[in-house]
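Keeping their order, the protein sequence lines are chains A and L.
Residues in the first sequence are numbered consecutively from 20, following our numbering.
Residues in the second sequence are numbered consecutively from 12, following our numbering.
See below for the structure under consideration.
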Amino acid sequence: MTSFFVNGKAVHVDVDPSTPLLWVLRDSLEMTGTKFGCGMALCGACTVHLDGKAIRSCVAPVSRAEGKHVTTIEGLSENLTHPLQKAWIEMDVPQCGYCQSGQIMSAAVLLAENSKPTDQDIDDAMGGNICRCGTYPRIRRAIHRAAELAGQRSAK
Amino acid sequence: MSAPAIVGRREFIRVGAAVGGGLLVSLYAPLPGGASEAWAADEKNFPLNAFVRIGTDETVTVIAAHSEMGQGVYTSLPMLLNEELEADWSRIRVESAPVDKVYNHPVFGMQMTGGSTTSPAEWERYRKMGAMARTMLMQAAAKQWNVDVSSCRAEKGVVIHAASGRRATYGSLANAAAQLTPPAEVSLKPAKSFTLIGKPTRRLDTPSKTNGSAQFGLDVSVPGMLTAVVLRPPVFGGKVTKLDATEALKVPGVKAVEQVPSGIAVIAQGFWPAKLGRDKLVVTWDPGPNAGLSTNQMLADFRELAKTPGNIAKKTGDPAGALKSAAKTITAEYDVPYLAHAMMEPLNCVVDLRADSCEIWTGTQFQTVDRASAAKVAGLPPEKVQIHTTLLGGGFGRRANPASDFVVEAVQVAKVAKAPVKVVWTREDDLRGGWYRPMWHDRFEAGLDSSGNPVAWTHTIVGQSIMQGTLFEGMMIKDGVDGTSVEGAADLIYGVPNLQVDLHSPKIGVPVQWWRSVGHSHTGFSVEAFLDEVAHAGGKDPYELRRALLASQPRMLAVLDLAAHKANWGATLAAGVGRGIAAHFSFDSYVAQVIEASVEKGGVARVHRVVCAVDCGQTINPDTVIAQMEGGIIFGLTAALKNEITLKDGKVVQSNFHDYQMLRIYEAPKIEVYIVPSSANPTGVGEPGVPPVAPALVNALFAVTGKRIRRLPIRPSDLA
Ligand code: FES
Ligand code: FES
Chain A
20 MTSFFVNGKA
30 VHVDVDPSTP
40 LLWVLRDSLE
50 MTGTKFGCGM
60 ALCGACTVHL
70 DGKAIRSCVA
80 PVSRAEGKHV
90 TTIEGLSENL
100 THPLQKAWIE
110 MDVPQCGYCQ
120 SGQIMSAAVL
130 LAENSKPTDQ
140 DIDDAMGGNI
150 CRCGTYPRIR
160 RAIHRAAELA
170 GQRSAK
Chain L
12 MSAPAIVGRR
22 EFIRVGAAVG
32 GGLLVSLYAP
42 LPGGASEAWA
52 ADEKNFPLNA
62 FVRIGTDETV
72 TVIAAHSEMG
82 QGVYTSLPML
92 LNEELEADWS
102 RIRVESAPVD
112 KVYNHPVFGM
122 QMTGGSTTSP
132 AEWERYRKMG
142 AMARTMLMQA
152 AAKQWNVDVS
162 SCRAEKGVVI
172 HAASGRRATY
182 GSLANAAAQL
192 TPPAEVSLKP
202 AKSFTLIGKP
212 TRRLDTPSKT
222 NGSAQFGLDV
232 SVPGMLTAVV
242 LRPPVFGGKV
252 TKLDATEALK
262 VPGVKAVEQV
272 PSGIAVIAQG
282 FWPAKLGRDK
292 LVVTWDPGPN
302 AGLSTNQMLA
312 DFRELAKTPG
322 NIAKKTGDPA
332 GALKSAAKTI
342 TAEYDVPYLA
352 HAMMEPLNCV
362 VDLRADSCEI
372 WTGTQFQTVD
382 RASAAKVAGL
392 PPEKVQIHTT
402 LLGGGFGRRA
412 NPASDFVVEA
422 VQVAKVAKAP
432 VKVVWTREDD
442 LRGGWYRPMW
452 HDRFEAGLDS
462 SGNPVAWTHT
472 IVGQSIMQGT
482 LFEGMMIKDG
492 VDGTSVEGAA
502 DLIYGVPNLQ
512 VDLHSPKIGV
522 PVQWWRSVGH
532 SHTGFSVEAF
542 LDEVAHAGGK
552 DPYELRRALL
562 ASQPRMLAVL
572 DLAAHKANWG
582 ATLAAGVGRG
592 IAAHFSFDSY
602 VAQVIEASVE
612 KGGVARVHRV
622 VCAVDCGQTI
632 NPDTVIAQME
642 GGIIFGLTAA
652 LKNEITLKDG
662 KVVQSNFHDY
672 QMLRIYEAPK
682 IEVYIVPSSA
692 NPTGVGEPGV
702 PPVAPALVNA
712 LFAVTGKRIR
722 RLPIRPSDLA
């Protein structure tokens with residue numbers, strides 16, 4: 020039995036501890052917002068936060084989460100109010116949308132650590148997330164916009 | 012376009028009441044052989060599959076006959092419909108259509124999404140449907156108020172009778188409207204009255220794509236469902252000769268290991284045990300006839316074949332004579348590799364097969380074909396097979412498989428699983444699973460007159476036919492020429508008086524398929540790169556030469572001029588940066604691009620800026636046009652800089668994103684998109700952004716290095 024928290028809620032799962040967190044989220048907990056793209060830490064579609072750090076859940080055994088806090092795209096905000104979600108909607112970033120959970124989760128860690136990222140910072144932080152639809156120009160713009168929105172929010 | 016369109020005499024409108032209340036409106040396009048009339052006669056006997064459903068709770072549900080794979084149709088189709096319906100935009104919902112002939116593509120006669128055709132094909136149908144629904148709602152209101160319908164108007168989901176100040180919402184009128192006889196004809200707004208069409212509009216699907224709630228095929232779960240992965244032969248067409256599943260069956264969670272026609276299915280409780288089980292299979296394969304396939308050998312064979320005459324796809328004037336008398340001739344050969352679609356969401360399909368029914372959930376571009384194929388395997392009539400189309404995590408053509416490979420296989424697995432099952436492809440399965448963009452070889456010879464103008468142009472193409480063996484074969488292959496092999500070449504947009512295009516279509520055991528921009532993905536590259544060579548051989552500026560050759564193509568000329576102007580063609584660039592230009596006509600749209608690029612240490616090409624101009628007729632959602640150009644450019648750059656599928660000893664060499672790489676955000680250039688305003692009917696947008704990318708890039712790299720790159724992907728060794 021592995022016990023940890025997902026989006027603040029305690030969960031207990033009875034799976035082989037070497038099972039990747041991705042498949043525990045998707046198959047055991049039926050939280051499908053976190054995506055499978057490569058299974059080799061190459062594409063970032065499966066990005067979640069483990070105690071606030073971005074990890075590739077496709078290669079993280081669930082045992083790594085024991086006692087820790089996992090945040091998934093479903094837990095980013097209750098009602099689309101995270102600055103990144105607002106910016107993503109404002110810029111209409113997604114095309115097919117499949118990579119976007121991972122993009123947003125990577126961007127969330129970037130913004131948490133760097134409230135005013137430059138283009139270079141964005142390139143460095145987001146380089147592990149593939150978008151086959153080619154939404155990169157909008158991702159860049161939306162991260163800048165989210166930083167702006169977050170700034171306004173904290174200024175209030 | 013300003014002339015009001017009416018519902019044609021042979022189109023067949025049906026309206027009806029929705030279960031639980033509300034108005035349904037549907038329109039059957041005229042079909043060959045009077046099928047619509049036959050349906051009309053049979054009207055009472057089939058359920059109404061609507062295009063729009065107006066609920067008594069004021070919701071307006073638009074039923075999308077086309078799949079959403081990122082190209083924005085779940086927003087553009089409602090925009091078309093609501094331009095006429097005039098409902099409250101915030102009340103619009105979208106649902107994917109079930110499989111039914113009413114949703115057949117108006118041009119292709121089957122339910123599908125592809126060929127960049129949704130906007131052009133639905134330009135009238137969805138607007139007519141909206142107009143029909145609005146007209147009936149207004150008639151219901153007028154009847155209720157006992158006033159003339161012409162004294163009423165509709166606005167934001169409300170019918171208003173200004174003279175008396177009466178108002179009624181669509182929801183309150185829906186039931187009454189459903190009882191009326193539909194009008195024989197409706198007129199459509201002239202373009203100048205559009206309030207939605209042509210205005211940048213936020214996508215309806217974006218919120219669900221930012222909080223994890225968007226449902227893709229891979230996210231579907233049905234009660235009692237098992238998950239399967241399939242081990243497919245390492246060589247295309249290979250067969251299992253010996254299977255030892257002992258260890259696989261010991262993996263906790265693995266339920267069964269079963270042979271299916273495409274390979275060996277490992278069926279388990281969830282993906283991970285299925286995958287672990289598959290890793291433990293011990294299999295001996297008979298590789299079959301393709302064991303010796305090698306792309307290196309093919310490359311050599313294609314080059315030899317191109318020196319012999321192929322089937323004539325196009326001949327004007329006297330190309331041979333003109334070449335002989337030309338002041339100067341140049342020849343060049345271009346090569347492009349097999350390419351995988353590599354949609355971000357790997358293929359998957361959920362099947363619940365019962366004795367007398369089959370229910371399927373998948374992200375498909377090809378509903379009619381998939382249903383027919385699934386029915387055949389299930390041993391059921393097609394009406395007993397239901398397909399729920401989910402969102403597609405990318406399509407690019409792969410999810411319109413002529414053999415319905417991923418659907419048929421899932422039904423086969425469901426047969427042996429004896430439970431609802433989800434078949435999941437891994438990235439390795441995807442990249443090694445075939446159905447690639449074919450490998451192509453293009454050989455050119457051009458003759459120039461004494462002032463450097465091209466007067467003769469011959470183009471020999473070698474590559475597998477995509478259409479051969481598909482249900483499009485009869486339509487697309489004429490006199491041994493697959494139209495998609497030579498598109499963008501045989502219809503060369505430039506005015507060259509003596510032109511010949513011929514084609515060799517070798518048969519090779521690698522399954523091939525349409526891939527975003529289809530034949531244009533190689534002809535766009537080779538024609539535009541060779542034209543650059545012709546310009547330089549004739550001492551001409553590549554932009555100016557194109558201008559001269561486009562004298563009778565005003566729309567392409569305007570697009571070319573716009574791109575060149577916005578890119579400051581001719582202005583000095585920073586040292587080490589080169590500029591290249593390319594233009595290509597595809598899917599009835601005109602696109603030109605100017606790329607600025609340089610070469611980094613070690614020969615790595617760096618793309619700084621892409622300026623893109625497009626004329627795709629009347630835009631529906633201009634922001635989607637921009638997004639599709641941006642996406643097409645990144646897709647094109649990925650192919651130009653990164654991708655090739657190669658085969659050695661019959662086996663695909665690449666397996667995941669480490670050796671089949673995607674462009675990353677730090678490699679993405681600045682992209683500017685300019686749309687030429689147009690009132691012509693809408694044309695394609697999803698694909699036309701791709702073809703000009705690679706040639707504009709190699710032309711830019713030539714400008715800065717003097718090196719011609721004639722083989723994709725561009726390798727550092729080409730530039731170092
Ligand atoms: S699925 Fe985890 S990085 Fe690709
Ligand atoms: S939006 Fe489709 S992969 Fe990123």
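By construction, the Cβ of each residue, glycine as well, lies at the ideal position given by its N, Cα and C atoms.
Option nearest residue i by Cα separation, candidates the options
| i | options | result |
| --- | --- | --- |
| Asp626 (chain L) | L:Ala285, L:Pro688, L:Leu358 | L:Pro688 |
| Ala586 (chain L) | L:Ser609, L:Glu97, L:Gln665 | L:Ser609 |
| Ile592 (chain L) | L:Lys612, L:Pro565, L:Cys623 | L:Cys623 |
| Thr257 (chain L) | L:Asp460, L:Leu287, L:Pro245 | L:Leu287 |
| Leu148 (chain L) | L:Val621, L:Thr124, L:Ala179, L:Ser162 | L:Ala179 |
| Glu85 (chain A) | A:Val43, A:Cys115, A:Lys105 | A:Val43 |
| Gln604 (chain L) | L:Gly628, L:Trp436, L:Val570, L:Asp99 | L:Val570 |
| Glu555 (chain L) | L:Pro522, L:Ala575, L:Ser224, L:Lys325 | L:Ala575 |
| Gly281 (chain L) | L:His452, L:Gly27, L:Val233 | L:Val233 |
| Lys662 (chain L) | L:Ala679, L:Ile682, L:Gly248 | L:Gly248 |
| Gly404 (chain L) | L:Val435, L:Pro449, L:Met354 | L:Met354 |
| Gly445 (chain L) | L:Arg409, L:Asn464, L:Glu356, L:Met478 | L:Arg409 |
Contact set for residue i: own chain, Cβ-Cβ below 6 Å, skip 5 residues either direction
| i | result |
| --- | --- |
| Ala76 (chain L) | Ala108, Tyr114 |
| Gly406 (chain L) | Met80, Gln376 |
| Met121 (chain L) | Asn115, Thr379 |
| Lys253 (chain L) | Thr295 |
| Asp255 (chain L) | Val293 |
| Val25 (chain A) | Val89 |
Which of helix, strand or coil DSSP assigns to residue i
| i | result |
| --- | --- |
| Glu132 (chain A) | helix |
| Arg438 (chain L) | helix |
| Glu93 (chain A) | helix |
| Tyr685 (chain L) | strand |
| Ile278 (chain L) | strand |
| Tyr181 (chain L) | helix |
| Ala267 (chain L) | strand |
| Lys203 (chain L) | helix |
| Gly45 (chain L) | The predicted model places Gly45 (chain L) with a pLDDT of 49, which falls under 50 and marks its position as unreliable, so this point remains unresolved. |
| Leu69 (chain A) | strand |
| Trp526 (chain L) | coil |
Exposure of residue i, with buried meaning 16 or more beta-carbon neighbours within 10 Å
| i | result |
| --- | --- |
| Pro320 (chain L) | exposed |
| Ser130 (chain L) | buried |
| Gln308 (chain L) | exposed |
| Val696 (chain L) | buried |
| Arg443 (chain L) | buried |
| Glu97 (chain A) | exposed |
| Asn93 (chain L) | buried |
| Lys105 (chain A) | buried |
| Tyr181 (chain L) | buried |
| Asp493 (chain L) | buried |
Cβ neighbours of residue i in the same chain (closer than 7 Å, five flanking residues each side left out)
| i | result |
| --- | --- |
| Ala383 (chain L) | Pro393 |
| Asn56 (chain L) | Note on Asn56 (chain L): pLDDT 44, under 50, position unreliable in the model; the coordinate value appears next. There are no such residues. |
| Ser496 (chain L) | Ile472, Gly474, Ser476, Leu514, Ser516, Gly530 |
| Leu402 (chain L) | Glu79, Ala225, Gln226, Phe227, Gly374 |
| Ala337 (chain L) | Gly458, Leu459, Asp460, Val466, Ala467 |
8 Å Cβ shell around residue i - same chain, five flanking residues per side excluded
| i | result |
| --- | --- |
| Glu498 (chain L) | Val529, Gly530, His531, Thr534, Ser597 |
Q | Residues, ordered as in the chain, of the segment 657-687 of chain L that lie near chain A by beta-carbon distance below 7 Å | A | So the close ones are Asn667, Phe668, His669, Met673, Arg675, Ile676, Tyr677, Ala679, Ile682.
Q. Just by C-beta distance, which residues in the segment 209-226 of chain L are closer than 8 Å to chain A?
A. Hits within the stretch, in order: Arg213, Arg214, Asp216, Thr217, Pro218, Ser219, Lys220, Thr221, Asn222, Gly223, Ser224, Ala225, Gln226.
Q: Check distances from the C-beta atoms of the segment 38-72 of chain A to those of chain L and list, in chain order, the residues that come in under 8 Å.
A: Listed in sequence order: Thr38, Pro39, Trp42, Arg45, Asp46, Ser47, Glu49, Met50, Thr51, Gly52, Thr53, Lys54, Phe55, Gly56, Cys57, Gly58, Met59, Leu61, Cys62, Ala64.
Q. Going along the chain, which residues of the segment 437-459 of chain L sit with their C-beta nearer than 8 Å to a C-beta in chain A?
A. Against chain A - using a Cβ distance shorter than 8 Å - the residues of the segment 437-459 of chain L are Thr437, Arg438.
Q: Compile a chain-ordered list of the residues in the segment 75-101 of chain A whose CB is closer than 8 Å to at least one CB of chain L.
A: Within the segment 75-101 of chain A, Thr91, Ile92, Glu93, Leu95, Ser96, Leu99 place their CB atoms closer than 8 Å to a CB of chain L, listed in sequence order.
Q: With 8 Å as the limit, tell me which residues of the segment 115-146 of chain A have their beta carbon closer than that to any beta carbon of chain L; keep them in chain order.
A: Residues are counted here when their Cβ sits less than 8 Å from a Cβ of chain L; for the segment 115-146 of chain A these are Cys115, Gly116, Tyr117, Cys118, Gln119, Ser120, Ile123, Ile141, Asp142, Asp143, Met145, Gly146, given in chain order.
Q: Could you please tell me which residues of the segment 349-361 of chain L, in chain order, have their CB closer than 8 Å to any CB of chain A?
A: The segment 349-361 of chain L vs chain A, Cβ under 8 Å: Ala353, Met354, Met355, Glu356, Pro357.
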